[in-house]
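Here this note's numbering is used: the first residue of the sequence shown is 1265, the next is one more, and so on. Just so it is clear, CB atoms sit at the ideal spot from N, CA and C, and this is done for glycine as well. The structure presented is a predicted model; accordingly, all values stated were derived computationally and were not measured.
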Amino acid sequence: MDVLCVVGMSCSGKSVVSNKAKQLGIYTITWDEIIREELQRRGMVYTWRNEAKIDNWFHENQRDLMRRIIGKITELKDQEKLVIEGFKTPEQINNLKERLSSSHFSTLAIHTPPKIREKREKDRRNYHIDGYLEVGKRDKIDMERGLTKLIAMADHMIINDEDLMSFRETVKDKLIDILNIDVKR
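In structure tokens:
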């Protein structure tokens, strides 16, 4: 199985990559999907604060996160290609590589300039100033956990500083190249 792990800071464009992979017929697993499942399991409402709590819980309980991801992958016995979006530490990727030793792994980092990410975060979540300050805290936590190291170590990178249509086309081309997808353009 070819596994592509997509990494990047919040609002960098990771979900665009996941959505484009789905459009190309590639099965995807996203960090947000796993967080939402846990929120639902616990009967919690999806809010930024609850998302942060569950994200932190997963960080502290790495085995549970890997168990869930491996469980989802095991259900995909016939899949040749897989995109997983949202890893935050090099250790998470290494753990997955150990558990799926027969698979071929690569990482794609999405880098978006901070000013663009800030605008997207404001537009997406419509935060008041206190919520907006929380975004900076989340970035700081992600950086302390090693996300910037993971981004720097990536096998491939896309700079997301263009309009959405152009970015989607860039993502499509990159996915086709990395995963050797045979599609008619």
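Which word fits Lys1278, buried or exposed, when buried means at least 16 other C-beta atoms lie within 10 angstroms of its C-beta?
Translated into the one-based positions of the sequence shown, residue 1278 becomes position 14. Lys1278 should be labelled buried.
Less than 8 Å between C-beta atoms, sequence neighbours within five positions excluded: which residues of the same chain meet that for Glu1426?
Locating residue 1426 in the sequence shown gives position 162, counting from the first residue. The answer, listed in chain order, is Thr1434.
Sort Met1308, Asp1266, Trp1321 and Lys1379 by Cα distance to Leu1292 and report the nearest one.
Locating residue 1292 in the sequence shown gives position 28, counting from the first residue. In the sequence on display, residue 1292 carries Thr and not Leu. The option with the nearest alpha carbon to Thr1292 is Asp1266.
Quick one: is Arg1381 buried, meaning 16 or more other Cβ sit within 10 Å of its Cβ, or exposed?
Here residue 1381 refers to the residue found at position 117 of the sequence shown. Flag for Arg1381 reads buried.
C-beta atoms of His1375 and Gly1272 nearer than 9 Å
To locate residue 1375, count along the sequence shown from 1; it is residue 111. To locate residue 1272, count along the sequence shown from 1; it is residue 8. It is a contact, given that the beta carbons lie within the stated cut-off.
Using 8 Å for Cβ pairs, my map puts Asp1319 next to Ile1299. What's the rounded Cβ distance?
In the sequence shown, residue 1319 corresponds to position 55, counting from 1. In the sequence shown, residue 1299 corresponds to position 35, counting from 1. Going by Cβ atoms, the distance from Asp1319 to Ile1299 rounds to 6 Å, so yes, they are a contact pair.
According to DSSP, simplified to helix, strand and coil, what is Gly1272?
Locating residue 1272 in the sequence shown gives position 8, counting from the first residue. The answer is strand: DSSP assigns Gly1272 an E or B state.
Around the Cβ of Val1309, are there at least 16 other Cβ atoms within 10 angstroms (buried) or fewer (exposed)?
On the sequence shown, position 45 is the one that residue 1309 refers to. Exposed.
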